[in-house]
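So, in structure tokens, the structure goes:
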């Protein structure tokens, strides 16, 4: 499903705002689920997820501002030109999670304070933040009186 969404993004198109919220929700949910279910994920992993999400939100906002988007406030739709960014983010996330999962499953010297677990939180938070930052810019652009947003992230 996610790779198909990334492939659709290559073509661009017009989408309702609610549909644009799917990717941020999936990646945020995936990250939070990891934090809650990974036995070895502690406060350090959660903090790195939060740091990654904040950094990612700034990156995502900057990408969205430069995307050449147009909005239709009456129909609550966002039109984006084709972009490889969503597909690349999805593939990089899967590759990183696969590599980290492989290391955690096969290495014998990895303990609960492993950098792999913390790195997994950072990657997950960053990607979730990028999608959330992009969505935030779309949402702000659809407000009745759109004003420049997130000037602190530039």
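In the numbering used here, the protein residues as written are 784 to 937. We put the CB at the ideal spot given by N, CA and C, even for glycine.
Going by C-alpha positions, residue 837 is about 14 Å away from residue 918. The alpha-carbon separation between residue 844 and residue 793 amounts to approximately 19 Å. Assignment of residue 799 by DSSP, reduced to helix, strand and coil, places it in the strand class. Per DSSP, residue 902 is not a residue of any beta strand (DSSP E); the alpha helix (DSSP H) it occupies stretches across 898 to 924.
Residue pairing from DSSP places residue 863 in a beta bridge opposite 796. Fully enclosed alpha helix (DSSP H) runs of no fewer than 4 residues occupy 826 to 848, 868 to 889 of the segment 809 to 892, in order along the chain.
Taking the CA atoms as reference points, residue 805 sits about 30 Å from residue 888. For residue 922, the CB contacts under 7 Å within the same chain, skipping 5 residues up- and downstream, are 800 in chain order. A contact is defined here as three or more CB-CB pairs under 8 Å, and the segment 908 to 915 fails this definition with respect to the segment 851 to 860. Of the candidates 798, 870, 839, 902, 902 places its Cα closest to the Cα of residue 817. Around residue 803, the same chain offers 861, 918, 921 as residues with beta carbons nearer than 7 Å, after the five sequence neighbours per side are excluded. Here the alpha carbon of residue 868 sits roughly 30 Å from the alpha carbon of residue 826. For residue 804, the three-state secondary structure derived from DSSP is coil.
Remark: C-beta atoms of residue 841 and residue 916 approach each other more closely than 8 Å. For the 8 Å CB-CB criterion, residue 904 and residue 829 form a contact.
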